[in-house]
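Trainee: Shown below is the structure under consideration.
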Amino acid sequence: PDQPSNIQTSNPIGSGNTFVGLKSNSWGMLTMGRWDLHYGKAGDATADKAGALQATAISLFDYINGSPIANTTRTNNVVKYDSPTWGGFNATLAWSANPVGASEQDMLNTAALIGQQSITPGAAPGVAAIGAPLTAATVPGAPGVTNRKGDGWNFSPNYSNGPFNVGYSYWRAKPDAPTAATNDQRGDSLYGAYKFGGFKVGLAWNRSKLENATTGALAAERDVWSIPLSFTWGPNNIVGHYTVARNNKNAAGTISDSGARMVAIAYVYDLSKRTSLAATLAQIRNDSKASYNFFTSASLGSTDAVTTAGEDARLLQLSIKHAF
């Protein structure tokens with residue numbers, strides 16, 4: 012079988028979108044690096060200016076009850092092609108040699124040992140007692156590791172014509188060296204919006220799925236739909252969304268009371284083209300078996316940022332943002 016790709020999963024230069032590549036007005040852009048892929052396609056403008064990033068629809072749209080799809084952050088080791096815009100149409104095609112990133116590093120390191128020769132403990136100095144090649148079952152401390160090469164794909168076409176926009180995003184990710192607790196990912200997002208005057212309304216749908224990487228059994232699947240809204244007059248902006256996550260499904264069937272609903276609204280005042288003030292209100296109402304939380308809550312470093320099953324989350328944020 013293919014050997015797993017022991018590829019760098021951290022970025023010593025920066026944590027944002029970081030890349031090198033070539034760009035042509037006629038042929039598009041080809042890059043290699045670290046990119047946001049697939050997630051964030053719900054279309055809400057909650058955090059476009061000074062509104063709270065935590066209040067975006069990503070909180071439900073790109074999670075399965077706490078399990079992130081497409082990392083909900085930058086994907087490592089990406090080769091990405093962005094087409095130019097032809098008649099309102101453009102597309103992105105991206106491939107990653109290791110889409111899961113650092114969360115799979117221990118399995119990568121362990122799997123790299125598979126196929127190497129074992130050494131018999133207690134051999135006399137200078138006498139290496141060579142044993143049989145290591146296998147997935149005999150690598151120390153890692154029985155059940157599957158020896159395979161993972162990868163990830165994202166295809167995202169988009170079409171815009173005046174006030175109308177529609178798009179789609181496909182995501183598939185297979186981690187290197189999976190264990191019985193590792194899942195393959197599949198995600199589909201379809202979204203669109205229409206703008207008339209200062210008012211913009213959209214509609215977005217997402218289906219995400221986790222399948223056990225060793226057995227293929229359905230681990231989790233759920234649908235989400237979202238309605239993003241915005242209204243702008245002069246320096247004033249009102250932005251927000253209403254988003255619903257349906258019940259989860261697994262190999263045993265539908266899990267009742269595992270969905271959630273989220274509403275967010277922000278008032279944003281433009282001080283200038285690059286500086287804005289905002290007040291954001293948001294709430295997530297979890298069913299009794301759901302524990303959805305605000306996007307980026309895990310990075311806040313507080314136990315208050317953790318929701319238990321059935322617990323609701325609320326947010327109030329006053330903020331200022333300057334775009335450099």
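Counting along the sequence shown from 1, when you hit position 159 you're at 170 in the working numbering, and nothing is skipped either side. Yeah, the Cβ is synthetic: ideal placement off N, Cα and C, and Gly gets one too.
Check for me: the alpha helix (DSSP H) holding residue 305 runs from which residue to which?
Mentor: Taken as a continuous stretch (DSSP letters only), residue 305 belongs to no alpha helix (DSSP H), as it is neither H nor E.
Trainee: What is the DSSP secondary structure of residue 70, reduced to helix, strand or coil?
Mentor: Helix.
Trainee: Applying the criterion that 16 or more other CB atoms from any shown protein chain within 10 Å of the CB defines a buried residue, is residue 235 buried or exposed?
Mentor: Classification for residue 235: buried.
Trainee: Do residue 64 and residue 56 have their beta-carbon atoms positioned less than 8 Å apart in this structure?
Mentor: Cβ distance not < 8 Å, so residue 56 and residue 64 don't count as in contact.
Trainee: According to DSSP, simplified to helix, strand and coil, what is residue 36?
Mentor: Three-state result, residue 36: coil.
Trainee: Could you tell me which uninterrupted alpha helix (DSSP H) segments, each at least 4 residues in length, are contained entirely in the segment 192 to 239, listed from first to last along the chain?
Mentor: As far as the segment 192 to 239 is concerned, it has no whole alpha helix (DSSP H) run of at least 4 residues.
Trainee: What is the DSSP secondary structure of residue 258, counted as helix, strand or coil?
Mentor: DSSP places residue 258 in coil when its eight states are reduced to three.
Trainee: Does the segment 199 to 213 come into contact with the segment 43 to 55, if we say contact requires no fewer than three beta-carbon pairs (one atom in each stretch) closer than 8 Å?
Mentor: As far as the Cβ criterion goes, the segment 199 to 213 touches the segment 43 to 55, which means the pair count is three or higher.
Trainee: In whole angstroms, give me the CA-to-CA distance for residue 181 and residue 232.
Mentor: About 15 Å.
Trainee: Between the alpha carbons of residue 159 and residue 75, how many angstroms are there, rounded?
Mentor: Distance between the alpha carbons of residue 159 and residue 75 is about 25 Å.
Trainee: If you drop the 5 nearest sequence neighbours on each side, which residues of the same chain put their C-beta closer than 7 Å to that of residue 333?
Mentor: Only 285, 286 meet the Cβ criterion.
Trainee: In whole angstroms, what is the alpha-carbon distance linking residue 331 and residue 305?
Mentor: Answer to the nearest angstrom: the Cα atoms are 19 Å apart.
Trainee: How would you write the range of the beta strand (DSSP E) that residue 90 sits in, first residue to last?
Mentor: 85 to 93 is the span of the beta strand (DSSP E), which, as asked, contains residue 90.
Trainee: Please classify residue 273: is it buried, with 16 or more other beta-carbons within 10 angstroms of its beta-carbon, or exposed?
Mentor: Residue 273 comes out buried.
Trainee: Are the beta-carbon atoms belonging to residue 205 and residue 168 less than 8 Å from one another?
Mentor: No, Cβ-Cβ distance for residue 205 and residue 168 is not below 8 Å.
Trainee: Mapping the DSSP letters down to three states, classify residue 81 as helix, strand or coil.
Mentor: In the structure shown, residue 81 sits in a helix (DSSP, three-state: H, G or I).
Trainee: So what does DSSP say about residue 316, is it helix, strand or coil?
Mentor: Here residue 316 sits in helix by DSSP.
Trainee: Which residue marks the beginning of the beta strand (DSSP E) containing residue 266, and which one marks its end?
Mentor: Neither: residue 266 is in no beta strand (DSSP E) and is coded neither H nor E.
Trainee: By DSSP, does residue 64 sit in helix, in strand, or in coil?
Mentor: Reduced to three states, the DSSP call for residue 64 is helix.
Trainee: DSSP three-state label for residue 328, please.
Mentor: Strand.
Trainee: Can you look up residue 183 in the DSSP assignment and give me helix, strand or coil?
Mentor: Looking at residue 183 - three-state DSSP - the assignment turns out to be strand.
Trainee: Between the C-alpha atoms of residue 196 and residue 179, what's the straight-line distance to the nearest angstrom?
Mentor: Residue 196 and residue 179: Cα-Cα distance of roughly 17 Å.
Trainee: Just to confirm my understanding: we take residue 136, look at its own chain, exclude 5 residues before and 5 after, and list those with CB closer than 8 Å. What are they?
Mentor: Unreliable positioning characterises residue 136 in this predicted model, as indicated by a pLDDT of 40, which lies under 50. A coordinate reading is not provided.
Trainee: Going straight from the alpha carbon of residue 162 to that of residue 90, what length do you get?
Mentor: If you take the alpha carbons of residue 162 and residue 90, they lie about 11 Å apart.
Trainee: Does residue 270 pass the burial test, meaning 16 or more other C-beta atoms within 10 Å, or should it be called exposed?
Mentor: Answer is buried; the Cβ neighbour count reaches 16.
Trainee: Who are residue 6's beta bridge partners in DSSP?
Mentor: Outside the shown range of the chain, which is 12 to 335, sits residue 6, and nothing can be said about it.
Trainee: Using the Cβ count rule (16 or more neighbours within 10 Å means buried), how would you classify residue 367?
Mentor: Nothing can be reported for residue 367, as the shown portion of the chain is limited to 12 through 335.
Trainee: If you pair each beta-carbon of the segment 42 to 49 with each one of the segment 84 to 98, do three or more pairs fall below 8 Å?
Mentor: Taking 8 Å as the limit for Cβ pairs, the verdict is that the segment 84 to 98 does touch the segment 42 to 49.
Trainee: Using DSSP with H/G/I as helix, E/B as strand and the rest coil, what is residue 48?
Mentor: Here residue 48 sits in coil by DSSP.
Trainee: By Cβ distance below 7 Å, which residues in the same chain neighbour residue 261 in space, the five residues on each side in sequence not counted?
Mentor: These residues qualify, in order along the chain: 229, 230, 231.
Trainee: Is the CB-CB distance between residue 39 and residue 95 below 8 Å?
Mentor: Result yes, Cβ atoms of residue 39 and residue 95 sit closer than 8 Å.
Trainee: Going by other Cβ atoms of all chains shown within 10 Å of its Cβ, with 16 needed for buried, is residue 268 buried or exposed?
Mentor: Result: exposed.
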